[in-house]
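Student: Here the protein sequences come in this chain order: H and C.
Numbering of the first sequence is given in the numbering used here, commencing with residue 1419 and proceeding in unit increments.
Numbering of the second sequence is given in the numbering used here, commencing with residue 2 and proceeding in unit increments.
Where is the CB? At the ideal position from N, CA and C, for every residue including glycine.
Being a predicted model, the structure only gives us computed values, none of them experimental.
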Amino acid sequence: MTAAPALMSFEEALERFDPALGLEVHVELNTASKMFCGCATEFGAPPNTQVCPTCLGLPGAMPVVNGTAVESAIRIGLALNCSIAPWCRFARKNYFYPDMPKNFQTSQYDEPIAFDGWTEVEVDGEVFRIDIERAHMEEDTGKSLHVGTSGRIHGADYSLVDYNRAGIPLIEIVTRPIRGTGDKAPLVAKAYVAHLRELLLGLGVSDVRMEQGSLRCDVNLSLAPSGAGTLGTRTETKNVNSLRSVERAVRYEIGRQAARLVDGERVVQETRHWHEDTGITTAGREKSDAEDYRYFPEPDLVPVAPDEAWVERLRAELPEPLREHRARLQKEWGFSDLEMRDTVGAGALHLVEETIAAGASPAAARKWWLSDLARRANERGVDLADLGVSPTDVARVQQLVDEGKVNDKLARQVFDGVVAGEGTPDEVVASRGLAVVSDEGALSEAVDRAIEGNPDVAAKIRDGKVAAVGALIGAVMKEMRGQADAGRVRELILEKLT
Amino acid sequence: MSDLVRRTAADLADALAAGETTSVELTEAHLDRIAAVDGDVHAFLHVDREGALEQARASDERRAAGRPAGPLDGVPVAVKDVLATKGLPTTCGSKILEGWVPPYDATLVTRLREAGLPILGKTNMDEFAMGSSTEHSAYGPTHNPWDLDRIPGGSGGGSAAAVAAFEAPLAIGTDTGGSIRQPGAVTGTVGVKPTYGGVSRYGLVALANSLDQAGPVTRTVLDAALLHEVIGGHDPLDSTSVDQPVPPVVEAARQGAAGDMKGVRIGVVKELTGEGYQHGVQARFDESVQLLVDAGAEVVEVSCPSFVHALAAYYLILPSEASSNLAKFDAMRYGLRVYPEGVEDPSAEEVMRATRDAGFGDEVKRRIILGTYALSSGYYDAYYGQAQKVRTLIGRDFASAFESADVLVSPTAPTTAFKLGEKLDDPVAMYLNDIATIPANLAGVPGLSVPSGLADEDALPTGFQVLAPALADDRLYRVGAALEAALLDRWGGPLLDKAPALAEKETVR
Ligand SMILES: [Zn+2]
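This is the structure:
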């Protein structure tokens, strides 16, 4: 093991250098069948149960293009303002790897289905334009499981391969270098991936579950001397698979590359591995001796030639652009600019939208996702969407609060249970016994006891000093171990004393 | 030898329909013939006696119930070992696939089964169909029934020899640069390469995907047409398969056999005759053209100048595609697995390397290296790219030639069968065998080889090639059947009657 590399502080690095970002995002489409065969694509099925001669690459088997996947690719291209190729081909990317059934990946090379697009993201009120180089179709590989203490290929006792994932349709979306972001680079990178996720959800073409690998991100980063206007040598950090990690990885690479450059060392053009636990990247394959993939057109497939009328129909049927969509939602929800920006920035727009659709008020939805749940996600180092709480859960908890069945404090305990995997909010309420006591008799007795036990306070209230009621409420809540509706307790006390 | 095995598939179909024989009887007759002669010929890599008889019994039951599955129901067939057969070993003539039993049938095989043809077994071939002599089979060469010291052609020497030795009335071959037609020529049998995409490639272990085409190997033109109708037609599992009805090939074969060639324009390809063609081969070709003229055809000479580059283009495109196709044979999922010697805890890559080193023969390695080089970054345009341009030019040559001729003709192979071992050390001499057959694969047009006689100098069979425009496969059958009928008249019987009898081994059943 080499020693941990020197890092320059983020602030100093940005004073001396201009970062250039590039993002390559792989999106697994949610088609019912795979890219080139009829196998199911369900996530989490027992290993090697969703396979056939084609996706196992058995001798003689042939691919057939999934038309729905092509349609999704075109819709993604259109939503990213890309040109759609009137004629394009698949190509073979040749390299040997045990999780690749054919030892070549059927992909697209110099003829992507969508190219030359753009989109915009907003960070702290500033809009950044992201140019899209291409979006192309390809198939996913199988998944290797290295069995042994290390969990990595080196030192594994043996390896298992699950080919269920082999052949799942992927769209790879590649940006052109993103420059001029300055110290916002980490946030722009994160905002772009969050933006893509919202866009893909809106199109309904992918589940975009980063923790399940249905959206995977490679981060390219290079530094050039401040103001030089050039592009430096880039590194490609692979498999940065959460919004939070995208931000951290960019920040880390800026610090690492800056430290090397000021030490007079060169940045090696290489792929790097991202380590979620330690928040650092380590060197992988050096790009200069990277394989020659020997691309050539896939001879088992005919060219894809989307009919112009079809493309135009797909364009006409696209959902409204994200910016307009957001503007409309902001108006509907009555959010301030800042509230809206925070919601988008937290990657919570879709979650809030779905929570509202499930019955919660906009304010309540925002409150839960951006405060209590955001804090939990942050503590666990996961994205909000991966916390294990669904919009339906949030809406249900808020409903319980509105109905007086739990109070805010209990609601937080309900979320404790949901996050811990104890079930739905109702199941957690039942199993943890969290419902507020709505038995008027029991509550009334507790209020009486509180009045008896605090004659001074009771006297003040009788004298009209209603503000003193808090002390009595506190006493009642303490006796009820928090499981009472504080509003109702207040009413009861005032009824009895005034 | 039972007389049944000498009869044509069309005859056998008639005999079955008339109730003169049963599928079990004639399947058994062929299995017995295989047992008697295949020790010398080695046309088969695997014989499925039980499976074939079971299919034959099922066929007889269907016929007894008055529900035959088609005209060839009950007539047995041999299948080249490059096609996936469920439950039957499929090796492609390679050690690397030794013991592999596919869990699925090639579409073509499904069609044979659905049409009721019992599958006798799998025929020998050059490893992964790379060769023109079947000497590159990892399981030993096939011998030409005309002279056991000679090659039966390749890569489909097993299918051609099986049919020539009366071990099977019908066989399936595959043709990437002539592997159906050239073996047909040197064994005195009929072979047809349909239009590219005319027969599904699903389940055909690819040599060069853009060139490969499966087709019939038979003793008569009509038999080939009958088999063509069974296996042809669109397949949704093969994106490159033609989505059109099979051309009326059986009707064309019957029409041709009537002998009237009036109004048919025959184009003799200047670049595919003369120099480089054995004297006897050329002589039989010239006579055949004259026979067609006698039957009323008009002869024109056509020039296809780009054909001289066909061989070079072919030997860039084929290895390029093959190098990628063969990458999947890596010991990870099926077939041979070899652990490197003296390496403790070898990595997956080391096992892949050791397996591919031990499992592939020299010719396969030669072409993998060629193809890998041709596709390499920096060389792609100069090699693969240029070859594709030549391909376009060859397509144009065909298009313009077909403006002045309905079919093009040439000798199928430049020579008769050579001696086993004669060209093994000279790959380029071996490659030249396919000089006349390769252009059709590059352009995707159909081609047929029909026996044209015996060369004077060695009394070995020669072949006559007919080429037609894409999707006009019926023209091959019309012209081929007309020539066949005229030659049968002249010979007084099938050419194969002149082949020496093979020694039959006593068999105990
Ligand atoms: Zn599959």
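1. What residues in the stretch 1690-1721 of chain H bring their beta carbon closer than 7 angstroms to a beta carbon of chain C?
2. Taking 8 angstroms as the limit between beta carbons, can you name the residues of its chain near proline 341 of chain C, skipping five residues before and five after?
3. For serine 180 of chain C and glycine 157 of chain C, which I take to be in contact (beta-carbon distance under 8 angstroms), what is that distance rounded to the nearest angstrom?
4. So leucine 1918 of chain H and leucine 1496 of chain H are supposed to be a Cβ contact under 8 angstroms. How far apart are they, rounded?
5. Please report the distance separating the alpha-carbon of asparagine 1466 of chain H from that of glutamine 1816 of chain H.
6. For chain H, is any of its Cβ atoms less than 7 angstroms away from the one on glycine 494 of chain C?
7. Under DSSP, the beta strand (DSSP E) around alanine 313 of chain C begins and ends at which residues?
8. With H, G and I counted as helix, E and B as strand and the rest as coil, what does DSSP make of methionine 126 of chain C?
9. Express the C-alpha separation of lysine 1520 of chain H and leucine 89 of chain C in angstroms, rounding to a whole number.
10. Determine the DSSP secondary structure at valine 247 of chain C, reduced to helix, strand or coil.
11. Tell me which residue opens and which closes the alpha helix (DSSP H) that phenylalanine 1454 of chain H is part of.
12. Taking the alpha carbon of serine 1849 of chain H as the point to measure from, which residue in H/Glu1858, H/Glu1446 and H/Ala1838 has its own alpha carbon closest?
13. If you draw a straight line from the alpha carbon of glutamate 1889 of chain H to that of lysine 1785 of chain H, how long is it in whole angstroms?
14. Whose beta carbon lies closer than 6 angstroms to any heavy atom of ligand 1, going through the chain in order?
15. Glycine 268 of chain C and tryptophan 101 of chain C - do their beta-carbons sit closer together than 7 angstroms?
16. Using the beta-carbon of each residue, which ones in chain C are nearer than 8 angstroms to lysine 1520 of chain H?
17. Please report the distance separating the alpha-carbon of aspartate 1575 of chain H from that of valine 344 of chain C.
18. Go ahead and label isoleucine 1589 of chain H buried or exposed: buried means 16 or more other beta carbons lie within 10 angstroms of its beta carbon, across all protein chains shown.
19. Could you work out which residues of chain C lie near asparagine 1512 of chain H, taking near to mean beta carbons separated by less than 7 angstroms?
20. Output, in chain order, the set of chain H residues within a Cβ distance shorter than 8 angstroms of leucine 98 of chain C.
21. According to DSSP, is aspartate 1707 of chain H part of a helix, a strand, or is it coil?
22. What do you reckon, are the CB atoms on arginine 479 of chain C and alanine 253 of chain C nearer than 7 angstroms?
23. Mind listing the chain H neighbours of threonine 373 of chain C? Cutoff is C-beta to C-beta under 8 angstroms, in chain order.
24. Comparing the C-beta of methionine 1555 of chain H with each C-beta of chain C, is any distance below 7 angstroms?
25. Taking a contact to mean a Cβ-Cβ separation below 7 angstroms, would you say leucine 1805 of chain H touches alanine 1766 of chain H in this structure?
26. Would you identify the three-state DSSP class for phenylalanine 1753 of chain H, choosing helix, strand or coil?
27. Between proline 1464 of chain H and chain C, is any beta-carbon pair separated by less than 7 angstroms?
28. Quick check: is any heavy atom of ligand 2 less than 6 angstroms from the C-beta of serine 1849 of chain H?
29. Helix or strand or just coil, what does DSSP make of glycine 1851 of chain H?
30. Taking aspartate 236 of chain C as part of the alpha helix (DSSP H), name the residues at either end of that continuous run.
31. Ordered along the chain, which non-local residues of its own chain (more than five positions away) have a Cβ less than 8 angstroms from that of leucine 443 of chain C?
32. Helix or strand or just coil, what does DSSP make of leucine 1828 of chain H?
33. Could you compute how far the alpha carbon of valine 1686 of chain H sits from the alpha carbon of alanine 1646 of chain H?
34. Determine, for valine 1482 of chain H, whether the minimum Cβ-Cβ distance to residues of chain C falls below 7 angstroms.
35. Taking Cβ-Cβ distances below 8 angstroms as the criterion, which residues of the stretch 215-243 of chain C are in contact with chain H?
36. Of all the residues that make up the stretch 71-86 of chain C, which are near chain H by a beta-carbon distance shorter than 9 angstroms?
Tutor: The relevant details are as follows:
1. Against chain C - using a Cβ distance shorter than 7 angstroms - the residues of the stretch 1690-1721 of chain H are Asp1710, Arg1712, Phe1714, Pro1717, Asp1718, Leu1719 and Val1720.
2. Looking up residue 341 of chain C in the second sequence gives position 340. Correct list, in chain order: Pro347, Glu351, Val352, Arg354 and Ala355.
3. Locating residue 180 of chain C in the second sequence gives position 179, where the first residue counts as 1. Locating residue 157 of chain C in the second sequence gives position 156, where the first residue counts as 1. That pair is a contact at about 5 angstroms.
4. Past the boundaries of the shown model lies residue 1918 of chain H; chain H is included only from 1419 to 1916, so the question cannot be answered.
5. Mapped onto the first sequence, residue 1466 of chain H falls at position 48. Mapped onto the first sequence, residue 1816 of chain H falls at position 398. Taking the straight line from one Cα to the other gives about 42 angstroms.
6. Within the second sequence, numbered from 1, the residue matching residue 494 of chain C stands at position 493. Not one chain H Cβ lies under 7 angstroms of glycine 494 of chain C.
7. Mapped onto the second sequence, residue 313 of chain C falls at position 312. Premise fails: alanine 313 of chain C lies in the alpha helix (DSSP H), 311-326, not in any beta strand (DSSP E).
8. Here residue 126 of chain C refers to the residue found at position 125 when the second sequence is read from its first residue. The answer is coil: DSSP assigns methionine 126 of chain C none of H, G, I, E or B.
9. As a first step, residue 89 of chain C must be located in the second sequence, where it is residue number 88. As a first step, residue 1520 of chain H must be located in the first sequence, where it is residue number 102. Going from the Cα of leucine 89 of chain C to the Cα of lysine 1520 of chain H covers about 22 angstroms.
10. For the purposes of this step, residue 247 of chain C is identified with residue 246 of the second sequence, where counting begins at 1. Three-state result, valine 247 of chain C: coil.
11. Translated into positions along the first sequence, residue 1454 of chain H becomes position 36. Where phenylalanine 1454 of chain H is concerned, there is no enclosing alpha helix (DSSP H), given that its DSSP letter is neither H nor E.
12. Counting from one through the first sequence, the residue named residue 1849 of chain H turns up at place 431. For the residues H/Glu1858, H/Glu1446 and H/Ala1838, the minimum Cα distance to serine 1849 of chain H belongs to H/Ala1838.
13. As a working mapping, residue 1889 of chain H is identified with position 471 in the first sequence. As a working mapping, residue 1785 of chain H is identified with position 367 in the first sequence. The displayed chain sequence assigns alanine, not glutamate, to residue 1889 of chain H. Rounded to whole angstroms, alanine 1889 of chain H to lysine 1785 of chain H spans 27 angstroms at the Cα level.
14. H/Lys1452, H/Cys1455, H/Cys1457, H/Val1469, H/Cys1470, H/Thr1472, H/Cys1473 and H/Gly1585
15. Position 100 of the second sequence holds residue 101 of chain C. Position 267 of the second sequence holds residue 268 of chain C. No; because the gap between Cβ atoms is not below 7 angstroms, this pair is not in contact.
16. Taking the first sequence and counting its residues from 1, the one referred to as residue 1520 of chain H is at position 102. Under the 8 angstroms cutoff, chain C gives Ala328 and Lys329.
17. Along the first sequence, read from residue 1 onward, the residue named residue 1575 of chain H stands at position 157. Along the second sequence, read from residue 1 onward, the residue named residue 344 of chain C stands at position 343. Distance between the alpha carbons of aspartate 1575 of chain H and valine 344 of chain C is about 16 angstroms.
18. Taking the first sequence and counting its residues from 1, the one referred to as residue 1589 of chain H is at position 171. Isoleucine 1589 of chain H is buried by the Cβ-count criterion.
19. Locating residue 1512 of chain H in the first sequence gives position 94, where the first residue counts as 1. Here the neighbours are Ser325 and Ala328.
20. Numbered from its first residue, the second sequence carries residue 98 of chain C at position 97. Neighbours of leucine 98 of chain C on chain H, chain order: Pro1477.
21. Numbered from its first residue, the first sequence carries residue 1707 of chain H at position 289. Only weak support is given to the placement of aspartate 1707 of chain H: the predicted model assigns it a pLDDT of 49, under 50, and the value that follows is read from those uncertain coordinates. Aspartate 1707 of chain H carries a helical assignment under DSSP once its states are collapsed to helix, strand and coil.
22. Counting from 1 along the second sequence, the entry for residue 479 of chain C is found at position 478. Counting from 1 along the second sequence, the entry for residue 253 of chain C is found at position 252. A contact, by the Cβ cut-off of 7 angstroms.
23. As a first step, residue 373 of chain C must be located in the second sequence, where it is residue number 372. The answer, in chain order, is Arg1712.
24. Translated into positions along the first sequence, residue 1555 of chain H becomes position 137. False, the Cβ-Cβ gap to chain C never drops below 7 angstroms.
25. Start at 1 with the first residue of the first sequence, and residue 1805 of chain H comes out as number 387. Start at 1 with the first residue of the first sequence, and residue 1766 of chain H comes out as number 348. The answer is no: Cβ separation not under 7 angstroms.
26. Indexing the first sequence from 1 puts residue 1753 of chain H at position 335. Coil.
27. If you number the first sequence from 1, residue 1464 of chain H lands on position 46. Cβ-Cβ to chain C under 7 angstroms: no for proline 1464 of chain H.
28. Although ligand 2 was asked about, the structure shown includes only ligand 1 as ligands.
29. Along the first sequence, read from residue 1 onward, the residue named residue 1851 of chain H stands at position 433. Note: glycine 1851 of chain H maps to coil in three-state DSSP.
30. Position 235 of the second sequence holds residue 236 of chain C. First-last for aspartate 236 of chain C: undefined, no H or E at that position.
31. Reading the second sequence from its first residue, position 442 is the one you call residue 443 of chain C. Only Leu212, Ala311, Ala314, Tyr315, Ile318, Val391, Arg392, Ile395 and Gly396 meet the Cβ criterion.
32. On the first sequence, position 410 is the one that residue 1828 of chain H refers to. Three-state result, leucine 1828 of chain H: helix.
33. Looking up residue 1686 of chain H in the first sequence gives position 268. Looking up residue 1646 of chain H in the first sequence gives position 228. Going from the Cα of valine 1686 of chain H to the Cα of alanine 1646 of chain H covers about 20 angstroms.
34. Locating residue 1482 of chain H in the first sequence gives position 64, where the first residue counts as 1. So yes, valine 1482 of chain H belongs to the interface.
35. Pro237, Leu238, Asp239, Ser240 and Thr241
36. Val83, Leu84 and Ala85
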